[in-house]
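Okay, so here's the structure we're looking at.
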Amino acid sequence: MALIVSMDWRFIFSYFFIFVFTNNQFNFKLTKLVFSDDKSPNLEENIRKISLRIFIFYTLLTLLIFVLFTISGIRLFNGLNLTTTLISSGGFLPTNSLNQIIKTTTQEIFLIFSFLISMLNILFLYNLFSEKSFFKKQYEDLLIIILITFFSILLLLFVKDLNIFHSTIYVISSISTSGISIGKIDENFSLYLLFLTIIGGSVISTTSGIKAIRIYILVKASFAEIIKLVKPNNIFNTNIFYSDNKINNENIKLSFIVFISFFVSLFILSGVLLFDNINFESSFKLSLLTLTNTKASNLYGLETIDFSRLLTSSKISLIIFMTIGRIELISIFLIFKKMFFKS
């Protein structure tokens, strides 16, 4: 089961931190992370400063979550372990069940809040108190919150004996690609929660998946093309929600490539796992959870899989595709292109 646990953000950032700060020739600058007042992409600060800023924010958010869990009465060790798991959108627990840690309503509320911190933009809380036009700039995070609310209410309506807190935890655990659960749920809804892992959180977060904003761009671009066919002279609004940022061809192409590469990887890995005497349903579920770096828990009906009995080829494939799911296939293509086609 440890194969499906998400990569800890501390490991990723440590490797990234060491590489950037020890390589004097590394002079790459991040672009299109922010927009200037004239709505054009702005070459923000040097990547070293941005990396340091990310490190500081994640450290502060980690401390905030840990303090909340400690105040709510969770044991020190369990609180620390759960904090590092949530901040990295991971699935590792020090106990057999989350029920042994989360026991009160207050703890459930803090758990939901901690999930939100890990899946929203890392600067969400900072911008909440510092930005005047907060709702226009954090449109992606608002979309995620709306989706969580909608899917939680939907699950609450169809599952008996389920309160609003548990429903929200199930949904938010899936969208954040963590996979940890606070109890068992009817297996009939495992596919529903499984497909929620595809959505993912913010682009600038520790979650995996396709990302909510990319799905939004693809859906809106598709509707725009349909409307153009029906009403060629009609002017379609290409703004991302009510912000000043518009959907351009580059956004659509990138979102489409990520979408296609995700499902191509899904079918390839599913095919590999079929040679390991795993039935089609389990291989499909396991492949989807691997690409989204989500824990194979009882939420998805895969808690009985014994990873130690898998073939070596299956284990290697899971490791490779879990890495691909974390850094995205398009990133690997760009790395190889830079290495072998420098011109």
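Just so you know, we're using this note's numbering here: the sequence shown kicks off at 1 and counts up by one. Just so you know, even glycine gets a beta-carbon here, dropped at the ideal spot from N, CA and C. Predicted model only: the values in this text are computed from it and were never measured.
For T105, the enclosing alpha helix (DSSP H) covers residues 105 to 119.
According to DSSP, residue pairing for N239 in a beta bridge involves K246. The distance from the Cβ of I101 to that of Y58 is about 22 Å, inconsistent with a contact at the 8 Å cut-off.
Only exposed fits L334, as fewer than 16 other CB atoms lie within 10 angstroms of its CB. Within 10 angstroms of the beta-carbon of S317 lie 16 or more other beta-carbons, which makes it buried.
I71 is classed as exposed because its beta carbon has fewer than 16 other beta carbons within 10 Å across all chains shown. Nearest neighbour of T304 by Cα position, chosen from A224, T149, K315, I278, turns out to be I278.
Bounds of the alpha helix (DSSP H) holding G325 are 312 to 327. Your pair I213 and E140 checks out as a contact, with CB atoms roughly 5 Å apart and the cut at 8 Å. By the C-beta density criterion, F275 is exposed, having fewer than 16 other C-beta atoms within 10 angstroms.
Per DSSP, D141 is one residue of the alpha helix (DSSP H) stretching across 139 to 158.
Under the DSSP assignment, V171 falls in the alpha helix (DSSP H) whose first and last residues are 164 to 175. Leaving aside the five residues that flank L302 on each side, the residues in its chain whose CB is nearer than 8 Å to its CB run, in chain order, S282, K285, L286, L289, A296. Straight-line spacing of the CA atoms in L194 and F165 works out to 19 Å. Three or more pairs of CB atoms, one per stretch, sit closer than 8 Å, so the segment 104 to 124 contacts the segment 204 to 213. When G90, L61, I182 are compared, the shortest CA-CA separation from T105 is found for I182.
Taking one beta carbon from each stretch, the segment 214 to 231 and the segment 244 to 259 have 3 or more pairs nearer than 8 Å; the two touch.
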